[in-house]
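Going by my numbering, the first residue of the sequence shown is number -5, and it counts up by one from there. C-beta atoms are modelled at their ideal positions from N, C-alpha and C, and glycine is treated no differently.
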Amino acid sequence: MTITIDETKIVQTVKNISILLVIAAIFTFLGLSSKIFHFSESNPVMYEINYNRLSTPGKGVATSMKKTGEVQSKVLGPRRGNGKGGSKFFDEVEKVHGSSSK
-5 MTITIDETKI VQTVKNISIL LVIAAIFTFL GLSSKIFHFS ESNPVMYEIN
45 YNRLSTPGKG VATSMKKTGE VQSKVLGPRR GNGKGGSKFF DEVEKVHGSS
95 SK
């Protein structure tokens, strides 16, 4: 009795699993970045205490996650628009292109 292993199926399955794990890691990083940034804004003293307890590589990760959360907040946050649900960037582009066509 011979057991045959289909290597192409195994490779395809491993590729699919690895893609899903990368996507999950990205969403986890973005979600935690947002939480870290909001925590640093709402409770800066506790954030600083926790930050100082981290090792040097941990401080680098925390800093990058805080910066990512800050960018997310600017792009996706409630302060991004002009009160009408639009984006200031798109409003400025519309002004520039609208005035040049007149």
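Integer Cβ distance of residue i from residue j, believed to fall under 8 Å
i          : j          : result
residue 28 : residue 63 : 5 Å
residue 30 : residue 60 : 5 Å
Alpha-carbon to alpha-carbon, residue j and residue i
i           : j          : result
residue 22  : residue 32 : 15 Å
residue 15  : residue 25 : 15 Å
residue -3  : residue 36 : 60 Å
residue 38  : residue 52 : 18 Å
residue 18  : residue 47 : 28 Å
residue 1   : residue 7  : 10 Å
residue 44  : residue 9  : 38 Å
residue 5   : residue 13 : 12 Å
residue 56  : residue -5 : 55 Å
residue 68  : residue 20 : 19 Å
residue 132 : residue -1 : Residue numbering for the chain in the displayed model covers -5 to 96; residue 132 lies beyond these limits and cannot be assessed.
residue 70  : residue 11 : 29 Å
Spatial neighbours of residue i in its chain, beta-carbon cut-off 7 Å, leaving aside the 5 residues before and after
i           : result
residue 105 : With the chain covering -5 to 96 only, the question about residue 105 has no answer from this structure.
residue 50  : none
residue 58  : none
Local Cβ density within 10 Å of residue i, reported as buried at 16 or more and exposed below that
i          : result
residue 76 : Confidence at residue 76 is low in this model, with a pLDDT of 49, below 50, so its placement is unreliable and no value can be given for it.
Any non-hydrogen atom of the ligand FAD within 7 Å of residue i CB
i          : result
residue 42 : Of ligands this structure carries none, so the ligand FAD is not represented either.
Please specify which runs of the alpha helix (DSSP H), each continuous and at least 4 residues long, are wholly inside the segment 32 to 75, giving them in chain order. Segments of the alpha helix (DSSP H) lying fully in the segment 32 to 75: 38 to 47, 50 to 70.
Note down, one range per segment and in chain order, each beta strand (DSSP E) of at least 3 residues found wholly within the segment -2 to 30. Complete beta strand (DSSP E) runs here, min 3: none at all.
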